[in-house]
Structure formats: structure tokens, C-alpha cells
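Visitor:
Protein chains in written order, with the working numbering: chain A, 1 to 459; chain B, 1 to 459; chain C, 1 to 459.
1. Tell me which same chain residues have a C-beta within less than 6 Å of the C-beta of residue 107(A), skipping the five on either side of it?
2. By DSSP, does residue 306(A) sit in helix, in strand, or in coil?
3. Whose C-alpha, out of 276(C), 384(C) and 450(C), is nearest the C-alpha of residue 42(C)?
4. Establish whether the CB of residue 86(C) and some CB of chain A are separated by less than 8 Å.
5. Name the chain A residues whose beta carbon is nearer than 9 Å to that of residue 426(C)?
6. What separation, rounded to the nearest whole angstrom, lies between the Cα atoms of residue 261(A) and residue 431(A)?
7. Around the Cβ of residue 150(A), are there at least 16 other Cβ atoms within 10 angstroms (buried) or fewer (exposed)?
8. Taking the alpha carbon of residue 446(A) as the reference point, which residue from 381(A), 424(A) and 317(A) has its own alpha carbon closest?
9. Using the beta-carbon of each residue, which ones in chain B are nearer than 8 Å to residue 322(C)?
10. Measure the Cβ-Cβ separation of residue 212(A) and residue 51(A) and say whether it is below 8 Å.
11. Please list the terminal residues of the continuous alpha helix (DSSP H) segment that includes residue 364(A).
12. Can you check the region 272-330 of chain A for any beta strand (DSSP E) of at least 3 residues that lies completely inside it and give the ranges in chain order?
13. Determine the closest residue to residue 79(C) out of 69(C), 94(C) and 54(C), with distance taken between C-alpha atoms.
14. With distances taken Cα to Cα, identify the nearest neighbour of residue 223(B) among 165(B), 68(B) and 389(B).
15. What's the gap between the Cα of residue 310(C) and the Cα of residue 335(C)?
16. Please decide whether residue 412(B) counts as near chain C, where near means a Cβ-Cβ distance under 8 Å.
17. By DSSP's criteria, residue 119(A) is part of a beta bridge. Which residues make up the other side?
18. Just the C-alpha distance for residue 92(C) and residue 183(C), rounded to the nearest angstrom, thanks.
19. Using only the alpha-carbon positions, how far apart do residue 191(C) and residue 392(C) sit?
20. In the DSSP assignment, what residue or residues form a beta bridge with residue 244(C)?
21. Pull the bridge partners of residue 176(C) from the DSSP assignment, please.
22. Going by alpha carbons, who is nearest to residue 378(B) out of 237(B), 122(B) and 218(B)?
23. Would residue 188(C) and residue 118(C) qualify as a contact pair, given that the criterion is a beta-carbon distance under 8 Å?
24. Going by alpha carbons, who is nearest to residue 218(C) out of 83(C), 413(C) and 347(C)?
25. For residue 322(C), is the classification buried or exposed, using 16 other Cβ atoms within 10 angstroms of its Cβ as the cut-off for buried?
26. Give me the Cβ distance between residue 299(A) and residue 205(A), rounded to the nearest whole Å; I'm assuming they're in contact under 8 Å.
27. Classify residue 187(C) as helix, strand or coil using the three-state DSSP reduction.
28. Check whether chain A comes within 8 Å of residue 344(B), counting only Cβ atoms and requiring the distance to be less than that.
29. Tell me whether the beta-carbon of residue 116(C) lies closer than 8 Å to the beta-carbon of residue 178(C).
30. In whole angstroms, give me the CA-to-CA distance for residue 363(C) and residue 304(C).
31. Going along the chain, which residues of the region 308-340 of chain C sit with their C-beta nearer than 9 Å to a C-beta in chain B?
32. Using a Cβ-Cβ cut-off of 8 Å, state whether residue 440(A) counts as contacting chain B.
33. What does DSSP give as the partner residue(s) for residue 268(C) in the beta ladder?
34. Let's test the definition: count the other Cβ atoms within 10 Å of the Cβ of residue 24(C) and tell me whether it reaches 16, buried, or not, exposed.
35. Rounded C-beta distance between residue 412(A) and residue 449(A)? I'm assuming under 8 Å.
36. Alpha carbon to alpha carbon, what distance is there between residue 287(C) and residue 417(B)?
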């Protein structure tokens, strides 16, 4: 692109549209997002009851179930392992937790919702007056019917979360408090689905698997990642793919610390989270800001025919914080629908099976699939007849009756590919520049290649 | 421009206007476009009846008439000559063509309009029922009074074009079909007007001369190019100029194939087409996108005081397709009024002597003239008193009573030229950056040069 | 910034704001602009009556008074000294000037306002009819109650300025004209306040001191510069500061000619003028356009919570014309409120003690102070734990209960500083990119430094 200043960068302008046919936005394979969505949703529903955390049995069980769908390698990293500036914490497990009133009735009951106990609470068994107990109770006065989600991973503490309405009904008196948890040396558990491709260069997909019964954040990401991996397994792969199912923060830091030697292979990456709510798709760009993954996702969203949002990198959010820390600076963005903290249900019991939608899950998976198509199909080519246009007509590629000027997308795509295939422009560059879909441009290249009108550029 | 990041690129902002006087948009010589336009229009009218094609007698006759106005060298390239991926086709000539009804009446008659026969139709003489004939008839149902223009240059075929209204009146029965054409070895004819300048570096002007009785596309381009050449002949020229009158596609490919050794001399280029309709001026940028020609034409349009449109390069349109193919990538844009395919009359009998306007032709020629002034007058200079401002007052160049702050454009231009003449900024850069007209900036440089306050930069 | 294309340049977008807390726009020390403004205003009032010019006693007396506030070195440059393309003019002094009518009444009286005499008028003593006198009288018909300011520094001339209303009341007859001025070899006087810092690299502040009884242009600039220097004297300084109090044009050219060897030390610079009117702040960028001073002032204005305007460099205005001439091209912009020529009172008696406002003067000084804080506090750092985030929690720097997502500005700032401190991004880069105030970002760096999580980058 160096020799063509000003050629890129502009959005698809109305004039370009006016000359060209309507943008061909349909992906090659038309997909029914509802139907796929139902399968993804079924997985979310299956995983919902498990009490996950950044360590422990709930997460281990979650990974075990995913292992039935896709080939997973499970890693157990012992508590106390140093991972960069951090230490793998002790493993947390919980069997039961409740608060009983003086009549022995469970007024707060972990068995009803695992959100009721502050995640990583230390074991407790005591009797305490309401006044003391209150210091350990968390509610959402602005949403009195929702149970908040709270955790205390790195500070020893305990507590309960409950509906504000229920808190208000607690009467004075003594309560029996019980948290049957353990916080002991064990392991941090994570899983990898590694799918080798023609090249060692990798695409890294990462999703956090540490939240308890919350659907959008992040069973949606877990389930979409699992189905994406299943699809990748079934297709020819230029790149190798590595899908990580990890606890947030400590999980990505642990993975990075144990895989420093592999990081150099990562050519593109995507963090998946919050992919099931009814909001529009949001893509948060990598720290690099203009990596191929950023442009691929942006192209998919722009040509989706739906509303979307693309936001700049920020060092808060999900595990892109770690993957995009300055010591790694990986080309890795984050695909979401409504981002964390921007939907009211976030980190509450309202992030439930009702909140996520099969069609949203299916649409998110379809978009991930189109991103993969671009990464796999992108490339630079060299026009083998660069002096003037080749005579497409005698090759049966094109020749409408002269005088007619309504041309199909396919022929515009042929010309764009020929004109910009100078070894500097990738097919994605060409799609962006021509305001055609990547799929049209890729098909044009595929039509020209057998005629030796193009050859792949030497990378 | 390297040492001044951020200096350029912004449009003329309101603040710059607020500080500076009203933009001086008048070219040096005020021109009456209507009067010039009448002369250009007369040439269009003279050339209108000839039946041009990509080869043949009509085109040869057209070039011969242009040769009376400007010095032309005519080239005849034999049929069968290989030109890159293409082959020069056989020569097409036509004497007569018609369809007669059973009463012997010509219901379609080439003598009335050469658009009635599909251009490059093979010879035909037959009787055929209407049903069969219909397969060879072309109309425009949405414009029932217009005859479409059709051609079949590279596929042997024949056909007639007619008003849809006339088609509907044809009764069943047998018709006599006659096309007295020849398609034989001959030559492709094109012409060059070469005007040597002080330097061998060239400005290439190209216009297509292959369309039959159609005015805007492209007798307008042919006539404007001819008058531009006539003007260029009359003036001192820094650059050499080469004006091509060629058939579209095969003509530019042929010229490029025969002149590969000359292409390196082309510093700027312009394709001229559709310059006579009443629409606003449109400039389609070169593939390079920010070449000096692109900036020169943009400056002329921006300072014209009229509406205009500047569009990005696309690999469809006129012969810029060939000149800007990646193997040449010449700095060559296309100046039009309403672009091809965007006016309803395009490629129909409605693109007539009524459709093009003398004042539009004149205005287009004037704009071409201003573009030439910029190309000829542009250059980089070095301020010889770069430390602080020189004292213009004692040189009689400037000194208003201190305290007055309403200054004429000329003095703003002096300051801008002095401030930005660091060897990196051309006068066109300075005009763009200062929001002054190129002409003002050029005059300021001309005022400073005799005082040795500027010297030309070493290129 | 080279390795992160596309990272910068965009304005703070709504999405970034949506994720981040409200911008922290308050400077570290909250300042009451009215109170400071009163002090600055008192200095304007003190200096107002003096009849300043580009040379002479009025300017000398002005500098002498400033010398009581700040350490000043006064320079006297003899008339006739060559300074680049210019020559230091003869010194102008004036004792009295008037026009008396036939009854001996002073109808124009220098003692009432020094604007009444054209600055640099040669001595005159004559009797003349009104008709002749008129050629030497200047008024503003559109503002009949205002006296215009006029000067004739480089052309020998004389004249009077008066209210148009008063001109209209002059009756025919003979008038006595007297200008008791001298125009003799002497000196051009200017002053420097040099405040050495830890480094020899300098910040240059320049303000013009040559206008007679006009307040906004430029006693406002003079007084703000003096108070800024007083503050700078009282603080620790990384940079050395040099504040110039000079006559416009000839003063800056003289200083540049005498200090060519020092110019290379100037890292940042600011021309101060028109800082007391009630209009919004305006910053005119340096010729470089994106120098650190340009970005620092822009940041102060953007985070001021008030309206402001940033305009591109133009080679007309104040002494930035000279400092930004191509032979110097210093990174030096101009801070104003309403720019010269854009307020009606400009260069008239209406630019009076009523026109400038204490609160505007105080606000301008506060903004200058924040610019200094940025220049002093800016720097590049290197994250010492670049692989993933460091665990801020165990250092007491941060760890809110997981699940809460409303974070204070300070913690967003910590993350941004860690993420972008790769040695390429300055704290000002980080502030711009994160949409946080420079002060927040600086405080975050100060919090991280004692924990060895950052080290200064090697410059």
C-alpha cells in the first residue's frame, strides 16, 4: 500500500456505491442463525447450573462437558505456581451455604442459586445477630429483585448476595450462617482445543469460563467458542487454531506465562464474551488498532446489514487486557454484543437463561465463522497481465454487449482484483477499497486463478 | 512536507477563512465560456453525422477533420497486430442497413441514424419473420422514444436498435433485412497531436473517438481536447503535450503497447469524456489518488465557485482503466461532467446535439486550461531570507499603515509563499494550505522572484 | 507510536467515555481565577497610561516597572544595528502633541489619550487650514466614539487620530498643529526574564510590549506573562524558561538575530497576546502543527470544560510569524482569547480598562500554568512488568471487590499508564488516548513509580 498514498482509509463513499452495484453482503453459505442458535443455547442451558469459579470443581466439570463436543486438553496448574507477577491461588470448592433464621428456615440458600454466596468465600459456621450479618450481605437496591454477583478472589473474605426485597424482610434476631467451602492447595484448571492447520501460525480464540450461573457473561462466549471450534475441526485449515477456555485474568496470565514460546506464532486472536444478549454486535479493537483481525471483524460487521459498534482498545474489559499488555501486544480484539457493564443485567441473577437468545447466539457464531473465512481466505496476489486489462471476454469470464452498463457484482469484482493485485493489496484491502464483500472478491480471485491471470504474491 | 506533520490534509477551515480575505478564485484571464463554447459546439455539430466505430472510415474521417484544427499524426495499426493480451480486430465499415416491411418500406433505416445498426454488425441479407427478427432488435422500453446504442466488437453478431414505440408498431409478417457492412483485414486508426515543450516530460491527454452519433459521449471530449490542443500549441510550454484521439479500450491498449518506451516520460495525464452535458463537473482521481494532477484538478474545481464532485478511482469507466492498470499506474485521472451511466441519455439517441450545451463545453475547456496553468506554473521555491520575515516595505512590496488589518489577498499570498517556501512545499501545496487560489500564490512568487527573495528549489 | 498505527489521532469518542468515568478535568490545584485575575488586572491598570512604542521612554518605563515584579535583564540595541533583513530604527519619543483651534482650544490633545497621535509621528509645528489638516486625521466612521490606533514606524509621516464625532464638529478655519516628538539615534529596548532550570533546554515565552494605551492588545499579554514568570520563579523547573518582553516584529527579529546560538535550545514556545477579553480561549498552532506545545495547549483547552478554538498556523498575526519563519520553524504557538482583528475594539480606544476583565486575565494565567505543568510533567516511561498486568491489589494500589465495575478515574489511569508505557507513548499521549486529564495520568505514574512498576524511558 506504500506506493498508493491516499488510496485507502476512506469509507465507502456514495460515489463508489453509485458506480458500483449494490454491495454483495451475503456470505457464501446462507445460514439460519435461529437453528444454529438453538444448539448453542442448549449448551448454555446445560452448563448453567454449575457453580464455576476461577478454580475448582464447577469449572472442571464445565470443561469436562465441553470435552464431549470438541477435543480438549485439560491443564491443571498447581496452586502456588508463579505466573509473571501473580501466583496461582488456592483452589476453592463449595458444597453448601445458607443463612437460617431463628426458626431454622433457610432465608438465603446456595442451593437455590450459586450467586447467593460471594464467590471464593472462606468457610464459615457461626451464629450472629442481623446487625453483624448485614456487613456481609450484598444487594442491589436499584434492582430489588435481582441477586448481585460478587467475588473476592485475592482477599480472604466471605459474604452472601441476595435480593434487596428479601433483605428488607429480614427481621432482627440471631441467624445461623454456614458456608461449607474449602480453600486449599489444588490447581487452576483450564482447557485448550488445538486444531493444527497447514501452517504453524495460529489463530488464538479465548473465552472465560470462571463465572457461575450467569449466561451472557459468559456461558454465551463459552458456547459460541465451543461451536466455533467444532466447525473449525470440520474444515480445511490454513492456520492452526487454539481455543482457550480459561478463568479470567489469572487464567490468561497463567496461559501466557506457560506458553511464552508459542506466543510468537499467534497471527490473529479474538476474545469472545457476552455474545447472547439481544443488543447489536460490538467489536473492541486490538491495542494495535489496525491489525488484520481488526479489519476482518470490521468488514464482517460492516457488511452484516445490521447495526454494530466498533470501539477502540481500552485496558479494561476481558482477557484482551493481558493478551494486549505491552509485553505481548498481540493482534487480538474482543467480539461482544452489549459490552460488559453496559447492560443492566450484567453480573446479576438477571443475566439468566431468559436474557440470552438463541438467535443472538446463532448470529454471533455466524459472524465468527465469517471472520474465519476472511482470515483463511485473505491473501495477496499479483496480476499476471498488468499492462492494460486482459481480454476477459475470450476466456468466457466476461463480455457483455458493449453499450450495456449494468454489470453484475461479479464483474466489478474481477476488475477490482485485477487492478489492485499488485502484490501490495490483500483481498481484504481490495474488498474494503471497492466496497464489495470479501466473499465477492475472493470468488473473483478464484475465477481468475485457473486462467493464470493471477498468482499468489510471495509473502 | 515531511518535516511538518499535520500541516496538510485539512480542508480550508472556517478559521483560516476568517483570518484571511475572501478566496481569490478568478483565474488570471477572465474567459467568457459561452463564446468559446460556441466554437467547441460547432465542431461537435460538424462531427456528429459520421458513423464512427473502433475502426473504419467514420473514425478516419473524424480524425481527418480534426487535423485541420491541430497538427495530427495519424497511425494505422494493421488488423491482427498483437497488443499485450489483445489483437487488433478486423476493420468494420458500413454503407447501408435497413429493415423493410412487406410493402418495401424501410421501417428501420441506418440512413436516418447510424445508431439503428448494432455497431460492428456482420453483413446480413435475408428475409425473416418478425418473430425471428425480434431476437436481433434492441429497444429501451423505459424510454420508448429513444434509440439505444449497441455494439458487438469482439463477438460476431448483428442487430438493429430502434425506438420501443416503433417496435410496438411492427406487424407480424416477413421483413427484409439488409446490413451492407464489411468486416475485413484493415487497420485500427488513431491520431496523436504532439506538442514539444522545454522538457521531454509529458502531459498525456486522451479522449475516445469511437462512438457514432453520440454527442456527450464522446464528441464533447473529442472537441474539448482538440481546442485544448489548439491553445497549448499557441503557448509557451514547460512540458511536452501529447493528445491522443483513440478508440476506447483497444485504442489505449494499442497505444500503450506501441509506446512502452515513452510511458516513463508521462508526468501527468487526463482522460477527457462527457464534457458537454449541463451537469456539474466530476473528476475521477487517478489510481495513485494523490498525484499532482489529482490535486491540480481538485484545486480548479474547489476554486471554481461551482458545485463539483471528486470521486475515487474505480477500474471501470473510460481509458483510465488501461492507463491506470497496475503495470502502468500512470498519474492520470478523468475529467467529466455527469459520468458515464449516470445520465439517462447515456448511450442512446437522446445523447444528441440538444443534450450538450455550448456553455458547458466552454466551461469544461476553461477548467482544462486552468489545470494546465497549474501544471505549468507549479514548482518549489526556497525563501532566501528564511530567518524572520524580510522587510517587504522597503522593497515596495508591502507596507500598509500599521494598525490597519484589512489586507488584500496579494499580501497574504506573499506571506504564505515566504513562510512555506522551504523547498518542500510546492506552490500548489501553499495554495491548498493557505486557502488561496493557485493564481494568487503564483503571482506572489512572481513578485518575490525579481527581489531575490525566492529561488527555485533544486528538483 | 510507530508500532501502533491507528492508535492515535481519533478524538475522544463516546464509546471511550461510556466505558470510562467522567473525564477528570480539574487541575491538581484548584485556583480561583477572579482573585489572581485582580492582581493581573492591577498591573494592566498601572501600565495603561504609558505611551509605549517599538522604541522609546514609554517602553523603557514599562519594562522598569515589570522589573519590580520579576528579575529582568534589559537590553538596549542601538539604532542602526543590522538584524537580518532589517535595521533597528531610530528611537521615538514624544512629550506633547495637540491641535488647537483658532480660539486656542486643544481640540485634539495627546495629554488626554496617547492614541490621539499617530505613533512614530515626526515632529511638527505648523498652522494649517482644516482642509489640509484632514489629510492627517484618522477616524473610524463606523465607531464614531472610538479613537483609532495608528502607527507609521518605517515611513516618516505624522498624523492624529480622533473620534469621528469630534471630527465632524471641527469647523473650517486654521488650526495650530504641534507634535513635540523626537526621532533620533538611540536604542530599541527589550527585556528578558531568564529562569534557569535543571536542563539548558528552554521554554520561550514572548509577548509584545510596544502598544500604547491599549489593554487587551497587549497589556493583557504583558501582565499574564509577568505573573507567569513570577510563578515559574517560585517552582522547581525541569526546563529553563526565557520570557521576552519585546516590541513586535522588529523586537522578535532583533532577538532572533542576537540569539541565533540559543535558538537550538528552544524545545517549546508560546506567544502571549490578547488574553484579557471576555471571549473564549483561542490557540493558534505552531507552523509544525503537531508539536508538543500544540498538543499541551490543546489538552488544556479540551479539558477546561469551556468553549475554545484551535486554529492552524498562519503567517500573519503576532511574533509567531518570526519564530515560525522557515529558517527557525520553532515549536511555538500563540495563546489568545479573541484573536487580533476579530474583536471590534481591536486597535481602538475601546480596547480599554473596561474591555479587559480580571476573571479573563486570571483564567488565561491559570491555563498558562496548566500548560507549564504538562511541559514539566510530561515524559515517557517503561512498564517494568509488561507481560500481563501486574497484581496491583497486593501493592495496595487497587483491588475492588470483583463484580463491581464502577471504578474511579484513578484506577483507569493506572491501567492506561501501564498499558501504554512501552517507551513510545508520553504521558500526554496516554492522556489524549485515554480521554483522561493529563493530571490524572501524571498522578497514576507517580503512584506506580515507587513500586518500580515504571521506569523513565531513555530519551
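Every residue, glycine too, gets a C-beta built ideally from N, C-alpha and C.
Guide: Concretely, from the data shown:
1. 99 and 101
2. coil
3. 276(C)
4. no
5. Per Cβ cutoff of 9 Å: no residues; residue 426(C) is ~14 Å from chain A at best.
6. 34 Å
7. buried
8. 381(A)
9. 388 and 389
10. yes
11. 358-377
12. 281-284 and 308-311
13. 54(C)
14. If we check each option's Cα against that of residue 223(B), 68(B) comes out closest.
15. 9 Å
16. yes
17. 151(A)
18. 5 Å
19. About 51 Å.
20. 192(C) and 206(C)
21. As a beta-bridge residue in DSSP terms, residue 176(C) pairs with 100(C) and 127(C).
22. 237(B)
23. no
24. 347(C)
25. buried
26. Contact between residue 299(A) and residue 205(A) fails: their C-beta atoms lie close to 18 Å from each other, not under 8 Å.
27. In this structure, residue 187(C) counts as strand in the three-state DSSP scheme.
28. Chain A contact via Cβ: absent.
29. Not in contact: residue 116(C) and residue 178(C) (Cβ atoms no closer than 8 Å).
30. 10 Å
31. 309, 310, 311, 312, 313, 314, 315, 316, 317, 321, 322, 323, 324, 325, 326, 327, 328, 329, 339 and 340
32. no
33. 203(C)
34. Residue confidence for residue 24(C) is low, a pLDDT of 38 falling below 50, so the modelled location carries little weight and cannot support an answer.
35. Contact doesn't hold; Cβ gap of about 18 Å is too wide.
36. 13 Å
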